[in-house]
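Q: Below is a structure I'd like to ask you about.
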Amino acid sequence: SEQPELVGGRVTDKFTESMYVLANEPSVALYRLQEHVRRSLPELAQHKSDMQSWEEQSQGAIYTVEYACRYERLLRAAGLCSQAEVVR
Numbered sequence: 017s018e019q020p021e022l023v024g025g026r027v028t029d030k031f032t033e034s035m036y037v038l039a040n041e042p043s044v045a046l047y048r049l050q051e052h053v054r055r056s057l058p059e060l061a062q063h064k065s066d067m068q069s070w071e072e073q074s075q076g077a078i079y080t081v082e083y084a085c086r087y088e089r090l091l092r093a094a095g096l097c098s099q100a101e102v103v104r
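Counting from 17, one number per residue, gives the positions in the sequence shown under our numbering.
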């Protein structure tokens with residue numbers, strides 16, 4: 017009969033090979049991907065919401081600056097204020 021160490025080594029090798037095949041099974045990969053998406057999605061959704069809020073705030077600030085510049089040009093064109101008054 018074979019020595020127990022050899023039999024044990026072969027059993028261990030077969031077990032390791034089986035675990036490797038199972039761990040790399042496409043359905044397991046899809047499960048891991050699904051779990052990753054499930055864990056990551058709430059944080060990504062929050063980032064998207066934050067970015068949209070910042071974009072809205074930025075657009076509001078840009079509109080305000082453009083409006084002020086346009087108004088300042090109209091005042092200067094009408095002679096109602098000078099460059100020095102605008103700077104103050």
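Don't be surprised by glycine CBs; every beta carbon is placed ideally from N, CA and C.
Because the structure is a prediction, the values reported are computed rather than measured.
#1: Under three-state DSSP, which class holds Cys97?
#2: Helix, strand or coil for Gln19, going by three-state DSSP, please let me know.
#3: Using only the alpha-carbon positions, how far apart do Ser43 and Val37 sit?
#4: Rounding to the nearest angstrom, what Cα-Cα distance links Glu82 and Trp70 in this structure?
A: Checking against the coordinates, here is how it stands:
#1: Cys97 falls in the coil class under three-state DSSP.
#2: Three-state result, Gln19: coil.
#3: So the two alpha carbons sit approximately 11 Å from each other.
#4: In a straight line, the C-alpha of Glu82 is about 18 Å away from that of Trp70.
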